[in-house]
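Engineer:
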Amino acid sequence: MSYLFRHLDVVAQLSAEHVRLVGVSLLIALAIAVPVAIAITRRPWVGPPVFGVFSLMYTIPSLALFALLIPVFGLGFWTAVVGLAAYAQMILVRNTVAALTGVDPAIVEAAHGMGMSAGQILWRVQRPLGMPVFIAGVRVATVSLIGIAAIAAWINAGGLGTLVLDGIEHDYPQKALAGALAAVLLAVVADQGLRMLERRLAR
Amino acid sequence: MTSLPTSRPISSAVPGLYRADAVGAPRGIRFDRVVKAYQPGQHVVDDVSLAVEPGRFVVLLGPSGCGKTTLLKTVNRLVEPTSGSVSIDGVDVSATEPVALRRGIGYVIQQVGLFPHMTVAQNVAVVPSLNGWPAERQQARVHEMLDLVHLPAEQFGARFPRELSGGQQQRVGLARALAADPNILLMDEPFGALDAIERTRLQGELIALQRQLRKTVLFVTHDVDEALRMADAIVVMRAGRVVQYGTPLEIIARPADAFVGELTGAGDLVRLLALMCVADVQLAQDGELPAGAAVIGLHADLRTALSAMLASGTTRLVVTNDAGAAAGTLTFEAMLQAARAAAEKPAP
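Top line first, the protein sequences correspond to chains A and B.
According to the numbering used here, the first sequence is numbered sequentially starting from 1.
According to the numbering used here, the second sequence is numbered sequentially starting from 204.
(1) Does residue 198/A come within less than 8 Å of chain B when only Cβ atoms are used?
(2) Do you know whose CA, among 234/B, 455/B, 367/B, lies nearest residue 293/B's CA?
(3) Return the Cβ separation of residue 329/B and residue 354/B in integer angstroms, given the expectation that the two are a contact with Cβ distance under 8 Å.
(4) Measure the CB-CB distance between residue 389/B and residue 302/B and report whether it falls below 8 Å.
(5) Out of curiosity, what's the CA-to-CA distance linking residue 36/A and residue 124/A?
(6) Mind checking if residue 241/B is an interface residue toward chain A, Cβ cutoff 8 Å exclusive?
(7) Along the chain, where does the beta strand (DSSP E) containing residue 197/A start, and where does it finish?
(8) Is residue 168/A close to chain B, meaning its C-beta is less than 8 Å from at least one C-beta of that chain?
(9) Measuring straight from C-alpha to C-alpha, what distance separates residue 535/B and residue 489/B?
(10) For chain A, is any of its Cβ atoms less than 8 Å away from the one on residue 279/B?
(11) Rounded to whole angstroms, what is the Cα-Cα separation between residue 144/A and residue 365/B?
(12) For chain B, is any of its Cβ atoms less than 8 Å away from the one on residue 130/A?
(13) Excluding the 5 residues preceding and the 5 following residue 287/B in the sequence, name in chain order all residues of the same chain whose CB lies nearer than 6 Å to its CB.
(14) Specify, as a first and last residue, the run of the beta strand (DSSP E) that residue 15/A falls within.
(15) Please report whether the beta-carbon of residue 318/B lies at a distance below 8 Å from any beta-carbon of chain A.
(16) Indicate the three-state DSSP secondary structure (helix, strand or coil) for residue 117/A in the structure shown.
(17) Does DSSP classify residue 313/B as helix, strand or coil?
(18) Tell me which same chain residues have a C-beta within less than 7 Å of the C-beta of residue 159/A, skipping the five on either side of it?
(19) Would residue 109/A pass as an interface residue toward chain B - the criterion being a Cβ-Cβ separation below 8 Å?
(20) Using a Cβ-Cβ distance under 8 Å, would residue 177/B count as near chain A?
(21) Nearest-angstrom Cα distance between residue 172/A and residue 155/A?
(22) I think residue 446/B touches residue 460/B, with their Cβ atoms under 8 Å apart; what is that distance to the nearest whole Å?
(23) Among all the DSSP beta bridges, which residues are the ones paired with residue 242/B?
(24) For residue 418/B, which of 248/B, 261/B, 254/B has the nearest alpha-carbon?
(25) Would you decide whether residue 373/B is buried or exposed? Buried here means 16 or more other CB atoms lie within 10 Å of its CB.
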């Protein structure tokens, strides 16, 4: 523990890097996952092939995935972002589809019958009613990415994984432990924060 | 509400429906050889042709799976016919833009389908807001509609659907369907999920509303008593086909076949009495009124009259007109004769 308290500034700076890495990855992941999920709810045949590809990506160990990306994207921050965004797809698409299709069919039928267009049903009915399930997906994806992002230090993407790798390399367990603890703390804070949001929206 | 134009053509509310008016096309809803098959050879709706005149309350009656709901949904294009056509005021609905068409047609379903994340007032304002009405006009309309269904906006407008009883929710559903003043109202078993007391109450309110608004109503139910009570005309359906289309009295008195007879309990003279009113019977004019005699109004139904006779242990009732003055005497014999005449009258 002594490392953690003696180098709080370093830990804080690496935590900020970690948050940035996860945040950017998550935003890009959402920008892909939400339209894909909407497409799946409108054209059901899109679902099986998309889920097939995403679940395949999900089964590749993260270290191996980063290794596969290096020849294409090189080392660094954006390579890590690509890997993390790919990982999040499975969780985000599945939950977004569940959020959209989980709305009571009678409510959707009433909306159609009143003359709402597909876009109006999406925005005025499915979005507000599906929000808690959607946020649950974002929460699970965020917590997963905080964990996986620690491995991204291995491809020079920075973040708390740097402490863990250095600690192992220089046989300095205190340093590795500091990185791990900080990552866990981030994950717990993100999880609790998003749970609160979920509960507020579900009311 | 009484100022509502009652016979305005639907075309004026639905963009793209203008042509029909000019050529004086037939008014109301027309089904022309409508077939719906989800699988080849299995006709859910099988060659249905019907004309529903404007301002009429027409009930689609039949056992579950007879195609009545499917037929209803061809009107607002939630279901597209496999063949045949549906037209409103002479315009084929398949030539209209579905979203615009539906905004001109009120739609009420059994599960109500209120939006749980919106208040009662917001629910009622859905179609006006989709139509881009200014806020003040929306608000005024919400007040008017909620008053109409006896849920004053001051008290109920800010509540959420889950805070209402089933009957109150369906009233909001009705107010929502009427909010943009559609000429056509489609109702799919709207009272099916309510308890008996609430159902009877809402039926009564809908009858009163219809007297005031004169919408063209298509109402789906499998409840015979509901159909007999509400309908100007009943369409009896079985296995996708129309078996009989007639007034409640015609259906009960002269069922087209054994199926209709069994479904509606035709031959049940008490049911028949419920559909006839005192004014339909030749009243005796015996001048002197016995003091303390049982009294019945001219517009009461004969079933009520029979009850009154049984309750007072007499076969003669004094009939009073709207002004409360005696209009004659209703005798059991005359009532019996009228009922038998109705039951035996040959079909036109």
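All residues carry an ideal CB built from backbone N, CA and C; glycine is no exception.
Note that this is a predicted model, so its numbers are computed, not measured.
Structural biologist: Taking the geometry as given:
(1) In the first sequence, residue 198/A corresponds to position 198, counting from 1. It does not: the Cβ of residue 198/A has no partner Cβ on chain B nearer than 8 Å.
(2) As a working note, residue 293/B is residue 90 in the second sequence. Measuring from the Cα of residue 293/B, the nearest candidate turns out to be 234/B.
(3) On the second sequence, residue 329/B is found 126 positions in, with the first residue counted as 1. On the second sequence, residue 354/B is found 151 positions in, with the first residue counted as 1. Between residue 354/B and residue 329/B the Cβ distance is about 16 Å, and since that is not below 8 Å, they are no contact.
(4) On the second sequence, residue 389/B is found 186 positions in, with the first residue counted as 1. On the second sequence, residue 302/B is found 99 positions in, with the first residue counted as 1. For residue 389/B and residue 302/B, no; Cβs fall outside 8 Å.
(5) Position 36 of the first sequence, counted from the first residue, corresponds to residue 36/A. Position 124 of the first sequence, counted from the first residue, corresponds to residue 124/A. Rounded to whole angstroms, residue 36/A to residue 124/A spans 19 Å at the Cα level.
(6) Taking the second sequence and counting its residues from 1, the one referred to as residue 241/B is at position 38. No, its Cβ sits nowhere closer than 8 Å to a Cβ of chain A.
(7) Taking the first sequence and counting its residues from 1, the one referred to as residue 197/A is at position 197. Segment 173-202 is the alpha helix (DSSP H) holding residue 197/A; no beta strand (DSSP E) there.
(8) On the first sequence, position 168 is the one that residue 168/A refers to. Chain B contact via Cβ: absent.
(9) Residue numbering aside, residue 535/B sits at position 332 when the second sequence is read from its first letter. Residue numbering aside, residue 489/B sits at position 286 when the second sequence is read from its first letter. Rounded to the nearest angstrom, the two C-alpha atoms are 15 Å apart.
(10) The residue labelled residue 279/B in the question sits at position 76 within the second sequence. Chain A, which has a Cβ nearer than 8 Å to the Cβ of residue 279/B, makes this yes.
(11) Here residue 144/A refers to the residue found at position 144 when the first sequence is read from its first residue. Here residue 365/B refers to the residue found at position 162 when the second sequence is read from its first residue. Whole-angstrom Cα-Cα distance: 36 Å.
(12) Here residue 130/A corresponds to residue number 130 of the first sequence, with the count starting at 1. Answer no: the Cβ-Cβ gap between residue 130/A and chain B never drops below 8 Å.
(13) Here residue 287/B is taken as the residue at index 84 of the second sequence, counted from 1. So the list reads 235, 236, 237, 238, once near-sequence residues are dropped.
(14) Mapped onto the first sequence, residue 15/A falls at position 15. Looking at the DSSP string, residue 15/A is not in any beta strand (DSSP E); the run it does join, the alpha helix (DSSP H), is 8-42.
(15) The residue labelled residue 318/B in the question sits at position 115 within the second sequence. Yes, residue 318/B counts as interfacial toward chain A.
(16) Residue 117/A sits at position 117 when you count from the first residue of the first sequence. Judged by DSSP in its simplified three-state form, residue 117/A adopts coil rather than helix or strand.
(17) Here residue 313/B refers to the residue found at position 110 of the second sequence. Three-state result, residue 313/B: coil.
(18) Here residue 159/A refers to the residue found at position 159 of the first sequence. Hits under 7 Å: 14, 17, 18, 21, 149, 150, 152, 153.
(19) For this step, residue 109/A is matched to residue 109 along the first sequence. By this cut-off, residue 109/A is an interface position.
(20) Residue 177/B lies beyond the residue range present for chain B, which begins at 204 and ends at 551; the question has no answer from this structure.
(21) By one-based count along the first sequence, residue 172/A stands at place 172. By one-based count along the first sequence, residue 155/A stands at place 155. Pairing residue 172/A with residue 155/A, the inter-Cα distance amounts to about 21 Å.
(22) Counting from one through the second sequence, the residue named residue 446/B turns up at place 243. Counting from one through the second sequence, the residue named residue 460/B turns up at place 257. About 6 Å separates the two Cβ atoms, so the contact holds.
(23) Along the second sequence, one-based indexing puts residue 242/B at 39. BP columns for residue 242/B point to 245/B.
(24) By one-based count along the second sequence, residue 418/B stands at place 215. Among 248/B, 261/B, 254/B, the Cα nearest to that of residue 418/B belongs to 261/B.
(25) Residue numbering aside, residue 373/B sits at position 170 when the second sequence is read from its first letter. By the neighbour-count criterion, in which a residue is buried when 16 or more other Cβ atoms sit within 10 angstroms of its Cβ, residue 373/B is buried.
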